[in-house]
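The sequence shown stops at residue 576 when you use numbering that gives the first Met the number 0, and every number in between is there.
Ideal Cβ positions, reconstructed from N, Cα and C, are used throughout, including at glycine.
Written below as structure tokens is the structure these notes are about.
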Amino acid sequence: MKIQYLINVFLLMVGCTNTDDVFQQYATVTKPVKLGLGHLSVDSVQWNNVYVSKTRELYFTKMEKSTSAIYRMKYQDGIFHELEKIDFPAEASHSDAYVNPEGNLMLFSSLMQEQENDTVKDWNIWKSVRKNGKWQLPEPFFVQNLEGDQFYPWMAESKNLYFSIKPKGFNNSDLYISEYVNGTYKEPKALPYYINSLKLEGNAFVAPDESYLIFAGFERDQNLGKSDLYISFNQNGRWSLPIWLGADINSEGYDGSPFVTQDEKYLIFTSSRGSSDENIFFNHYIVSFDLNKFLEKENSTPHSGTVPVRFQVGAVTTENVEYGGSISSNNDAIYYTKASSDFRERQITVSKIEDGIFLKPESVVIGGKVYTDASDAQISEDGAYLYFKMKGGVPKDLHRKDGNIWRSKLSNGAWQEAEMLPEEINSTLNEYYPLRTRSGNIYFSREDKDENYDIYVSRWVEGKYQKAEPLPDYINTDLLESDAYVSPDESFMIFVRMYAEGDLGVSDLYISFQENGIWGRPKNMRSLNSEGVDGSPFVTPDGKKLFFTSTRDSDNPENFDGHLDIYAVPFNAEDWR
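This is how it looks when you write it as structure tokens:
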């Protein structure tokens, strides 16, 4: 009995220490390396990764002469071997295999005809079951016909199905989910707009419990190559903003087909790195993987690089004109201006923030109205007032068409009827871009009779605004200065100067620091400026992000062509002293 007991204890200890980590040789790899060099990775055109731990098989897609086919390789003792083509009808292309953890169900995309009388050649999702070690004749997965081409199916433990749809005649594709409810697959729904950008998303790996997904995105707001990998976390039923997997994983080529091993220790993906457009090929790569590293990066503005990127592409930033902005101190909304390409119409717009997610933008209703010539919105630090510029509507003088500064008070969740600020601030000239500091002072821009602009301040003294005064002449020159963002404590200011000799672009951002009540000489923020228009700066309440407006990604940034976007970049004021 004692001997048997010791044997059992020994076997238990062995079972506890043997983690069956078949990729253990890559445990310390922090930058991707080729997987199965010379066997699996052979510089060919192949993609797709599904490793089935139970059967120790890797499934992938390989391009042949005129079609694509699904292949399998066995993995033993650190070596891939026995390349086998899955025996599906040879006349059609098959791609993007998903295999369940038991290794007995395969979903994939195929050009096979769903019905004999099919006249449309398109990609649809098919399924095959494995019996006695052999994959059976496939059949269509969905009972109903779906519009567009369907690619890269992935099934969660709940049987919810994720896949991408590419509409006919379009180069864009988006990620969708078809929920499995009471034994039936529901109509596919697109994942949130901040996951599906204006470009192409696909190749989604979804964690079995749907706690996260990793996908490939083309030309997103933060990218390194032709397609990059991103991760989004499911938080209380809502997908988070996608986080770029970074330069250590992504390359200047195509990176896609992500797969996380069952123990969540390794990321496998395909990449074209090392090839060229003239001779493109793909290999399979593996790298040790730590989900917590990316969970720590999750926040409302996850960009962590040093180059400004377009903000919330597809939501806040679109193909239209968006500029300016202000984020409330409790971080629950961003206010900005949406305009027509000729600027004849301008509307103050808000995108509310919930759980770090920017919701669909809405026009701001002020006193029951949506103004069509209101812009330059700035919310006060306490969130109680919204300051903005609007043309016309001057009380007791409806003939006036000049721009003036107005404010609206928030009451019971609604913005009340706007009031025009007093004549100490507003004149018969144009005033715009107001900003109220913690002291109550109002900074703004004013046009003079020579159509030049300068920055003014109206000080709040004993409950009254004082007559506005221009800032010093080394800030206000004979050029155009405007769009002043002033920190709540008035310790620094970022503003715009146009047409300055030696500047990078049409207008550049400058920064000035105030000490002992005196503004210092401004410094060009050269590393952030472009050859085009850069303006409308504001800093987030935590002081860690700088937002501004730019034409830098236009075809001709020096000449306005109807494109104006909002950009974001990490910021620390002390770095500019």
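Under the DSSP assignment, Lys390 falls in the beta strand (DSSP E) whose first and last residues are Tyr384 to Lys390.
Taking 4 residues as the shortest admissible run, the segment 393–468 contains no complete alpha helix (DSSP H) segment at all. Tyr335 is classed as buried because its beta carbon has at least 16 other beta carbons within 10 Å across all chains shown. Rounded to the nearest angstrom, the gap between the Cα atoms of Gly501 and Leu479 is 15 Å. With contacts defined as CB atoms closer than 7 Å, Lys126 and Leu110 fail to qualify as a contacting pair.
Between Ser444 and Ala483, the beta carbon gap of about 7 Å places them in contact (Cβ cut-off 8 Å). In the three-state scheme derived from DSSP, where H, G and I count as helix and E and B as strand, Phe162 is classed as strand. Around the C-beta of His283, 16 or more other C-beta atoms lie within 10 Å, and the residue is accordingly described as buried. Approximately 4 Å separates the beta-carbon atoms of Pro536 and Phe547; this is inside 8 Å, confirming the contact. Taking the C-beta atoms as reference points, Ser511 is found nearer than 7 Å to Met492. The segment 90–107 makes contact with the segment 36–53: 3 or more CB pairs, one atom from each, lie closer than 8 Å.
For the set Tyr566, Leu145 and Ile347, the Cα lying nearest the Cα of Gly534 is the one of Tyr566. In this structure, Ser256 lies near Asn202, with their beta-carbon atoms less than 7 Å apart.
Bounds of any beta strand (DSSP E) do not take in Lys292; it lies within the alpha helix (DSSP H) bounded by Leu290 to Leu294. Taking 3 residues as the shortest admissible run, the segment 487–575 contains the following complete beta strand (DSSP E) segments, listed from N- to C-terminal end: 491–497, 506–514, 533–538, 544–549 and 564–569. Ser43 is classed as exposed because its beta carbon has fewer than 16 other beta carbons within 10 Å across all chains shown. Residues of the same chain with a CB within less than 6 Å of the CB of Gly102, apart from the 5 flanking positions on each side, are Val51, Lys53 and Thr54 in chain order. Of the residues assessed, Phe169 falls on the exposed side of the cut-off, its CB having fewer than 16 other CB atoms within 10 angstroms. Residue range His93 to Val98 is occupied by the beta strand (DSSP E) that includes Val98. Per DSSP, reduced to three states, the secondary structure at Tyr25 is helical.
Classified as buried, His562 has 16 or more neighbouring CB atoms from the shown chains inside 10 Å of its CB. Straight through space, the alpha carbons of Asn222 and Ser553 are spaced by roughly 18 Å.
The C-alpha of Asn319 is placed about 45 Å away from the C-alpha of Val41.
Under the three-state reduction of DSSP, Tyr473 is assigned to coil, being neither helix nor strand. Classified as buried, Leu266 has 16 or more neighbouring CB atoms from the shown chains inside 10 Å of its CB. Note on geometry: alpha-carbon atoms of Glu178 and Ser172 lie some 19 Å from one another. Residue Thr539 holds the alpha-carbon nearest to the alpha-carbon of Asp331 among Glu90, Glu81, Thr539 and Pro100.
A residue is called buried when at least 16 other Cβ atoms come within 10 angstroms of its Cβ; Gln149 meets this threshold and is buried. For Gly245, the closest alpha carbon among the candidates Thr260, Asn558, Asp262 and Arg219 is that of Arg219.
DSSP lists no beta-bridge partner residue for Pro31. When secondary structure is reduced to three states using DSSP, Ser271 falls in the coil class, being assigned neither helix nor strand. Around the beta carbon of Leu36, fewer than 16 other beta carbons lie within 10 angstroms, which makes this residue exposed. Spatial neighbours of Pro360 in its own chain (CB-CB distance under 8 Å, excluding positions within 5 residues in sequence) are listed in chain order as Ala314, Val315, Lys337, Thr348, Val349 and Ser350. Taken in chain order, the complete alpha helix (DSSP H) segments of 4 or more residues contained in the segment 343–371 number zero; there are none. With 16 or more other Cβ atoms inside 10 Å of its own Cβ, Gly402 counts as buried. Separation of the CB atoms of Glu430 and Lys388 is rounded to 7 Å, and the pair is thereby assigned contact status at 8 Å.
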